[in-house]
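S.K.:
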Amino acid sequence: MTERSEGIKEHAPVVTPSDEGGLMTIVPLAPPRRLVDVTVDGEPVRVPEGSTILAACSGTPTLCYGDTLTPKNACRICVVEVTGSRTLVPACSRRVEPGMEITTDSERVRHSRRLVLELLGSSTDLSTTPGAAEWSEEYGARPERFGPPGEPSTDRDARHPGAHEATDGTTAATVAQPAKVDNDLYVRDYGKCILCYKCVDACGEQWQNTFAIGVAGRGFDARISTEHAAPLPDSACVYCGNCIEVCPTGALSFKSEYDMRAAGTWDESRQTETTTICTYCGVGCNVTLHVQDNEIVKVGSPHDNPVTHGNLCVKGRFGFQHVQNRG
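For the sequence shown, the working numbering assigns the number -16 to the initial residue and increments by one for each residue that follows.
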């Protein structure tokens, strides 16, 4: 019997007086959950009640799932077969039930994942999407069978719903477009966007409550955009960068990373990660510094930290250049 845990989230921290007269923070643990027995690919597995199928199935690919966000069921790469279900089900949101029989690698599942990867690969630049190349090879995805990619667009933000023009059938429609570089902090390269909605949720009611970005357009012309497609400096964006933290494809990235990739100097194998505490205020946010060649190239935050859950403000996310000012 295999037991798998889904990273039980802790309750909110509680600040109480200490014996020394000061204040101390107590983070109570979540109460234990009853275990549920399910079968995954013929093997018995035991997981906490309320866990998703994804938590029970290690190695299942997914793009739109975020461990700090409510599942959106957008990418459909994590679909699995459940005995008794007429359709394939998304593992990221379907909760386990006692006695559930799950199949993760049937021909039906592999066919579905292969087609999704082909459709994404034919329309989107997946070159900076972790795992995409390996999954495409594993499932035999051939995006090129839809034809060579069409010409990049320069007017996607100007299109109105229903204005999409069909291709001539010899090329594959794509979301290719020039990257939006309108500020010094981060870049929006929507030619890599798969519309997973994670950035919208992080900017909206699930975390930041800024609502600077949303979905515009319909059908194939649906896209992430600011209000009236305004430049980022003219939008409601507060540059927290939490959208970058959850983006699974590199469509949103630090300006430093974008510039280094363009110059061919970005090399994650040479980078180290050091988690420390942000010193800008007394909240105590954890920051993870990504360092290459003794230079900070980007900053993240641990998703399991009870203070930040992966989120930061503009100072914590981008206020690191003073460390490297050696003039």
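For every residue, glycine included, the Cβ atom is placed at its ideal position computed from N, Cα and C. Please read all numbers here as calculations on a predicted model, not as lab measurements.
Taking only runs that begin and end inside the region 39 to 90, name each unbroken beta strand (DSSP E) of 3 or more residues, in chain order.
M.R.: 62 to 65 and 84 to 86
S.K.: Measure how close the beta-carbons of Ala55 and Cys179 come, nearest whole angstrom, since I'm counting them as under 8 Å.
M.R.: As a working mapping, residue 55 is identified with position 72 in the sequence shown. As a working mapping, residue 179 is identified with position 196 in the sequence shown. The sequence given here has Lys at residue 55, not Ala. Between Cys179 and Lys55 the Cβ distance is about 7 Å, and since that is below 8 Å, they are a contact.
S.K.: What is the DSSP secondary structure of Ala115, counted as helix, strand or coil?
M.R.: Taking the sequence shown and counting its residues from 1, the one referred to as residue 115 is at position 132. Note: Ala115 maps to helix in three-state DSSP.
S.K.: Going by DSSP, what residue range makes up the beta strand (DSSP E) through Ile279?
M.R.: As a first step, residue 279 is located in the sequence shown; it is residue number 296 there, counting from the start. Residues Glu278 to Gly283.
S.K.: Rounding to the nearest angstrom, what Cα-Cα distance links Gly123 and Arg91 in this structure?
M.R.: As a position in the sequence shown, residue 123 is number 140, starting the count at 1. As a position in the sequence shown, residue 91 is number 108, starting the count at 1. Answer to the nearest angstrom: the Cα atoms are 14 Å apart.
S.K.: Among His211, Thr193 and Ala245, which one has its Cα closest to the Cα of Asn225?
M.R.: Working through the sequence shown from its first residue, we reach residue 225 at position 242. For Asn225, the nearest C-alpha among the options comes from Thr193.
S.K.: For Asn269, which three-state DSSP category applies?
M.R.: For the purposes of this step, residue 269 is taken as residue 286 along the sequence shown, with counting starting at 1. Looking at Asn269 - three-state DSSP - the assignment turns out to be strand.
S.K.: Should Pro161 go down as buried or exposed, given a rule of 16 or more other Cβ atoms within 10 Å for buried?
M.R.: Stepping through the sequence shown from its first residue, residue 161 is reached at position 178. Its Cβ having fewer than 16 others within 10 Å, Pro161 is exposed.
S.K.: Take Val72 as the anchor and find which of Thr107, Leu102 and Ile36 has the nearest alpha-carbon.
M.R.: As a first step, residue 72 must be located in the sequence shown, where it is residue number 89. The candidate whose alpha carbon is nearest that of Val72 is Ile36.
S.K.: Assign Val198 to buried or exposed, taking buried as 16 or more other Cβ atoms, counted over all protein chains shown, within 10 Å of its Cβ.
M.R.: By 1-based counting over the sequence shown, the position of residue 198 is 215. Val198 comes out exposed.
S.K.: In angstroms, rounded to a whole number, what distance separates the CA positions of Arg128 and Asn277?
M.R.: Walking along the sequence shown from the start, residue 128 turns up at place 145. Walking along the sequence shown from the start, residue 277 turns up at place 294. Rounded to whole angstroms, Arg128 to Asn277 spans 44 Å at the Cα level.
S.K.: Nearest to Gly283 by CA position, among Gln307, Val270, Asp20 and Leu103, is which residue?
M.R.: Position 300 of the sequence shown, counting from 1, holds the residue named residue 283. Checked all of Gln307, Val270, Asp20 and Leu103; the closest Cα to Gly283 is Val270.
S.K.: Identify whether Glu32 lies in helix, strand or coil by the three-state DSSP scheme.
M.R.: Taking the first residue of the sequence shown as 1, we reach residue 32 at position 49. Looking at Glu32 - three-state DSSP - the assignment turns out to be coil, as it is neither helix nor strand.
S.K.: Return the first residue and the last residue of the alpha helix (DSSP H) that Gly299 is part of.
M.R.: For the purposes of this step, residue 299 is taken as the residue at position 316 of the sequence shown. From DSSP, the alpha helix (DSSP H) with Gly299 extends over Val297 to Phe301.
S.K.: Could you check whether the Cβ of Cys61 sits closer than 7 Å to any heavy atom belonging to the ligand MN?
M.R.: Among the ligands in the structure shown, none appear at all, so the ligand MN cannot be discussed.
S.K.: Can you check which of these residues, Lys163, Arg69 and Leu295, is closest to Pro216 by C-alpha distance?
M.R.: Residue mapping note: residue 216 aligns to position 233 of the sequence shown, counting from 1. Ranking Lys163, Arg69 and Leu295 by Cα distance to Pro216 puts Lys163 first.
S.K.: Going by C-alpha to C-alpha distance, which of Glu240, Gly200 and Asn288 sits closest to Leu273?
M.R.: Translated into positions along the sequence shown, residue 273 becomes position 290. Reading off the sequence shown, one finds His at residue 273, where the question assumed Leu. Looking at the Cα atoms, Glu240 is the closest of the given residues.
S.K.: Express the C-alpha separation of Val280 and Glu(-7) in angstroms, rounding to a whole number.
M.R.: Looking up residue -7 in the sequence shown gives position 10. Looking up residue 280 in the sequence shown gives position 297. For Glu(-7), the predicted model reports a pLDDT of 45, less than 50, meaning its position is unreliable and no value from the coordinates is stated.
S.K.: Measuring only the C-alpha atoms, how far is Ser76 from Ser34?
M.R.: Taking the sequence shown and counting its residues from 1, the one referred to as residue 76 is at position 93. Taking the sequence shown and counting its residues from 1, the one referred to as residue 34 is at position 51. Rounded to whole angstroms, the gap between the alpha carbons of Ser76 and Ser34 is 9 Å.
S.K.: Roughly how many angstroms lie between the CA atoms of Thr153 and Pro131, to the nearest whole one?
M.R.: Taking the first residue of the sequence shown as 1, we reach residue 153 at position 170. Taking the first residue of the sequence shown as 1, we reach residue 131 at position 148. Rounded to whole angstroms, Thr153 to Pro131 spans 8 Å at the Cα level.
S.K.: Residues in its own chain within less than 8 Å of Trp118 by CB, not counting five upstream and five downstream?
M.R.: For the purposes of this step, residue 118 is taken as the residue at position 135 of the sequence shown. Closer than 8 Å at the Cβ level, and outside the excluded window around Trp118, lie Pro44, Ile60, Arg96, Leu100 and Ala124.
S.K.: Whose CA, out of Leu235, Tyr222, Glu228 and Trp190, lies closest to the CA of Ile207?
M.R.: Taking the sequence shown and counting its residues from 1, one reaches residue 207 at position 224. Comparing Cα positions, the closest option is Leu235.
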